[in-house]
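Taking it in order: structure first as structure tokens, then the write-up.
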Amino acid sequence: MHGLERTRGSARRWAALLVLGLAASCALSAAAQVAYETRIEGVEAGPMRELLFSVSECLRKQGEPPASALHLRRRAARDLERFKDAFHSRGYYGATVNVALDREARPITVTFSADPGLPYVLGTIRVRAADDPDAAAKLPAPEAAGLVEGAPAMADAIAGANARILNHLRARGYPRPRIARRDVAVDHAARSVAVTYDVNPGPRAVYGEPRYEGLERTRPAVLDRLLPWAPGEPYDQRQMGELRTRLYDTGLFSTATVEPLAGEIGEDGAAPIRVAVTERPPRTMTAGIEYKTDEGAGAKFGWENRNLRGLGHRLGLETTLATELRALDLRYRIDRFRRMDQVLNASLFIGQEEREAYDSDRVEGLALVERTLSPRLTLGAGAGFRIGRVEQLRARNSHELFYFPLELRLDRSNDSLDPSNGFKFRARVAPYIDPLGDRTYFGRADLEFSYYHGWGTLKSADGATIPLWVLAARARIGAIAGASRDEVPADVRFYGGGGGSIRGYRYLTVSPLSGDDPIGGRSLAEFSLEFRRRLSESLGVVFFVDAGSAFEGAYPDFSEDLQVGAGAGIRYYTPLGPLRFDLAIPVNKRGKIDDAFQIYLSIGHAF
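Mapping of the sequence shown onto our numbering: residues 8 to 614, in sequence order.
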């Protein structure tokens with residue numbers, strides 16, 4: 008029993024000694040940490056000094072003191088090498104840097120003394136292909152590689168020329184070039200740097216047959232039409248990126264890889280190209296709701312197949328159920344229709360409207376071919392028909408119209424969903440003819456221009472810059488010529504008012520009147536001005552004023568009074584566009600025709 012007690016007492020003493028030892032070790036370790044501060048002398052404030060500060064380990068870890076002065080000296084020695092590389096990257100090959108530690112100071116002072124000297128310039132630059140005179144003719148001139156004699160000899164530019172030389176060859180039939188050797192010779196007396204690149208171009212190649220991977224529903228012919236090359240044409244690396252862009256633009260694929268197959272250049276010089284894709288689910292269903300005091304509540308339901316029959320064609324169906332509109336809209340789209348820059352859009356609309364200006368039942372079909380003239384300019388032309396019956400002021404009229412629209416769209420804005428700079432222009436003209444009835448003929452033109460200018464900055468969570476303020480302005484002009492107002496169907500005439508027009512007035516009520524009833528006009532003029540202010544990355548406010556009217560004549564008559572609406576709104580910004588809540592009042596309220604205010608709740612800006 009006594010032996011057991013002695014054993015327990017001994018264990019307690021050892022445990023106590025162990026705890027004391029650990030505590031003493033921690034105390035000594037904490038005491039051994041060396042606090043210090045860093046100074047950099049000899050370099051004036053500017054980009055060079057900012058670069059030194061950004062690469063310095065001593066500065067970056069100043070809040071993490073090393074365990075000893077020896078560790079601090081090693082940290083400073085590593086900074087010496089980083090500083091020399093930084094000076095070289097900016098062309099200062101004669102720069103000198105020294106470091107001194109003042110161990111008497113508290114905290115210890117680490118002082119880097121730098122003398123950048125004068126910047127060096129590029130001297131002789133050679134780009135050569137060893138033992139391959141045919142490939143030598145394909146090598147880029149030094150200027151094409153980004154190097155010019157007499158320019159600052161920045162190390163980044165010298166290293167970056169590697170990629171430019173290789174990309175130059177990849178664009179001229181050589182899929183596997185490499186830099187065999189790069190020689191950099193510094194002449195301190197002349198303060199110049201001579202650079203020689205020895206290049207091994209590798210075998211020259213032409214395109215072989217593409218090898219597709221990952222196709223499940225999509226037919227290979229769809230990818231064949233996307234190829235920017237034909238088998239047998241000289242290999243060009245730039246076309247790999249072009250094909251990837253085209254694959255993503257189809258909306259059919261979530262990933263796409265395009266690359267030459269390694270080690271498979273045949274005796275005929277043909278390089279097979281691997282195209283690996285991951286297909287997206289082809290079908291999408293959507294639903295949405297909106298509410299406007301002038302049009303009431305509404306709901307939309309949509310379905311789309313983006314890869315009909317594996318051909319990459321799009322078939323979409325949208326149903327609208329609203330207080331004043333019940334409609335079915337069927338859309339069919341063929342991308343790359345007969346040529347890469349052309350799209351065929353076909354649509355069929357069946358709808359019933361019960362508007363304040365008219366009641367309309369109609370079937371409308373349209374086939375429109377759109378061609379991309381430039382990345383931001385699109386021209387469209389097509390043919391359509393309208394078969395309908397319209398009731399206005401208790402009079403019913405039927406019509407069977409054929410029309411041939413011509414559209415031009417120019418979008419120079421920076422964002423299609425939430426523009427803050429640039430402008431948009433849209434023009435649509437169309438002749439209409441009724442060959443089966445009274446042979447009515449008229450032409451309708453509609454032009455709209457929007458301008459955006461942002462200023463001030465707000466940082467988003469991912470570091471992107473968002474304009475704090477945006478000024479947005481819009482003007483729209485419309486005209487119908489060739490027929491009297493009564494000869495033009497009521498649902499083809501121009502009307503103003505509503506959430507995308509003159510806010511504060513009910514939809515389609517800004518118009519020539521018969522008593523208190525809007526009957527539409529042959530021309531239209533609308534103007535809008537918005538000041539958009541971001542409160543945060545996801546929240547903003549808007550102040551706006553709209554003005555305009557529809558006119559009885561074929562052209563706007565600005566001697567007549569315009570209806571003016573004004574108000575404010577809230578925007579909640581989402582990846583799909585801003586959610587919009589607007590409250591607007593009619594400034595020059597027309598007796599019993601206009602309400603005291605209108606509320607608009609929907610997705611997207613008014614323009």
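Quick reminder that beta carbons are idealized off the backbone N, C-alpha and C, glycines included.
Span of the alpha helix (DSSP H), counted from its first residue to its last, around aspartate 92:
76-96
Which residue from Ile487, Arg67, Gly522 and Gly319 puts its Cα closest to that of phenylalanine 260?
Gly319
Give me the Cα-Cα distance between asparagine 314 and arginine 378, rounded to the nearest whole angstrom.
21 Å
Within this structure, are the beta carbons of serine 521 and alanine 364 separated by less than 8 Å?
no
Segment limits, beta strand (DSSP E) that includes aspartate 194
185-194
Ends of the alpha helix (DSSP H) at valine 169?
With the sequence shown as reference, residue 169 is identified as asparagine, and valine is not the correct amino acid for it. Residues 162-177.
Nearest by alpha-carbon distance to glycine 506: which of Ala136, Ala237 and Ile592 is it?
Ile592
For alanine 353, I'd like the list of residues in its chain whose CB is within less than 6 Å of its CB, leaving aside the five on either flank, ordered along the chain.
Tyr339 and Ala374
Where phenylalanine 60 falls: helix, strand or coil (DSSP):
helix
Within this structure, are the beta carbons of valine 549 and arginine 539 separated by less than 8 Å?
yes
Any idea if isoleucine 280 is buried or exposed, counting beta-carbon neighbours within 10 angstroms, 16 or more meaning buried?
buried
Flag glutamine 570 as yes when its Cβ comes closer than 7 Å to any non-hydrogen atom of the ligand GDP, and as no otherwise.
Absent from the structure shown: the ligand GDP. Ligands present: none.
Nearest by alpha-carbon distance to threonine 116: which of Arg97, Ile606 and Val41 is it?
Val41
Using the three-state DSSP reduction, which class does phenylalanine 604 fall into: helix, strand or coil?
coil
N- and C-terminal bounds of the beta strand (DSSP E) containing alanine 144
Alanine 144 -> no beta strand (DSSP E), and no H or E assigned at all.
Return the chain-ordered list of same chain residues with a C-beta closer than 8 Å to the C-beta of glutamate 266, the five sequence neighbours on each side being excluded.
Met247, Ile280 and Arg281
Give the single residue among Ala329, Arg245 and Leu386 whose Cα lies nearest to the Cα of glutamate 361.
Ala329
Nearest to alanine 388 by alpha carbon, out of Ala437, Gly239 and Asp498?
Ala437
Taking just the CA atoms, how far does asparagine 312 sit from threonine 225?
12 Å
Limits of the unbroken alpha helix (DSSP H) element including tyrosine 255:
245-256
Coarse secondary structure for arginine 67, derived from DSSP in three states
helix
Under 8 Å, with one C-beta from each stretch per pair, do the stretch 550-565 and the stretch 331-338 reach the 3-pair mark?
no
Arginine 133: buried (16+ other C-beta within 10 angstroms of its C-beta) or exposed?
exposed
Less than 8 Å between the CB atoms is what I'm expecting for proline 208 and leucine 176, so what's the real figure, rounded?
5 Å
Do you know offhand how far leucine 58's Cα is from tyrosine 100's?
16 Å
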